[in-house]
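**Q** Got a structure for you, questions after.
Structure representation (structure tokens):
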């Protein structure tokens, strides 16, 4: 069975934030296509599941967001999204609410995953316990590392299950990824994950800003 989660003609949009993350998936890098009219590279990412092959068309905006945000055309017909911030940059986390607001304004009720990237870096500025936005908006959150491939597949598995309406959907093959550039400190990351779990049991703060100044 061949099932395309996102059709090229419908211009789906996936907010990934970091080009490195998309390029880890070798199929997407080899088959990417540039759309000159809108200034994006479209990366088809294939995943093999117990329900057949699923293809995500991920849009890499190549820094377009640096010039005053993205036009609504980038979001129209988006079927799912990954909002990514950099755990070594407080500013990128502070921008998450803006990305989420713009996305939800154009694409109502689509599944969204929040990801904190660069968890392989030791000098982390946004601590695990400070990440609370996903709890306020009922989003799934994953800590990832594009350079080490840590948790690469988890956001896509979550989105695939939501789009298929099947919580039992699972990947039957490991996606073809580029070799990791760095090795993540698993012990340190397990500590971060424990802090994240502990924070989830605490009351939500009134405002995220007081945590990341």
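In full-length UniProt numbering, the protein residues as written are 1 to 213. Backbone N, C-alpha and C fix where the C-beta goes; we use that ideal spot for every residue, glycine too. Just so it is clear, the structure is predicted and the values come from calculations on it, not from any experiment.
Is the beta carbon of residue 113 sitting closer than 8 Å to the one on residue 93?
**A** no
**Q** Using the DSSP secondary-structure output, state which residues sit across from residue 58 in a beta bridge.
**A** 43
**Q** Following the continuous beta strand (DSSP E) through residue 85, name the residue where it begins and the one where it ends.
**A** Taken as a continuous stretch (DSSP letters only), the beta strand (DSSP E) holding residue 85 covers 81-86.
**Q** Measure the Cβ-Cβ separation of residue 73 and residue 110 and say whether it is below 8 Å.
**A** No, these two residues do not count as a Cβ contact at 8 Å.
**Q** Below 8 Å on the Cβ atoms is my guess for residue 122 versus residue 86; work out the distance and round it to an integer in Å.
**A** Contact between residue 122 and residue 86 fails: their C-beta atoms lie close to 14 Å from each other, not under 8 Å.
**Q** What's the call for residue 155, buried or exposed, on a 16-neighbour Cβ count within 10 Å?
**A** buried
**Q** Taking 8 Å as the limit between beta carbons, can you name the residues of its chain near residue 182, skipping five residues before and five after?
**A** 120, 145, 147 and 148
**Q** Between the Cα of residue 188 and the Cα atoms of 127, 172 and 134, which residue gives the shortest distance?
**A** 127
**Q** Contact defined as beta carbons within less than 8 Å: I believe residue 80 pairs with residue 163. What is the distance between those atoms, to the nearest angstrom?
**A** 6 Å
**Q** Return helix, strand or coil for residue 170, following the three-state DSSP convention.
**A** coil
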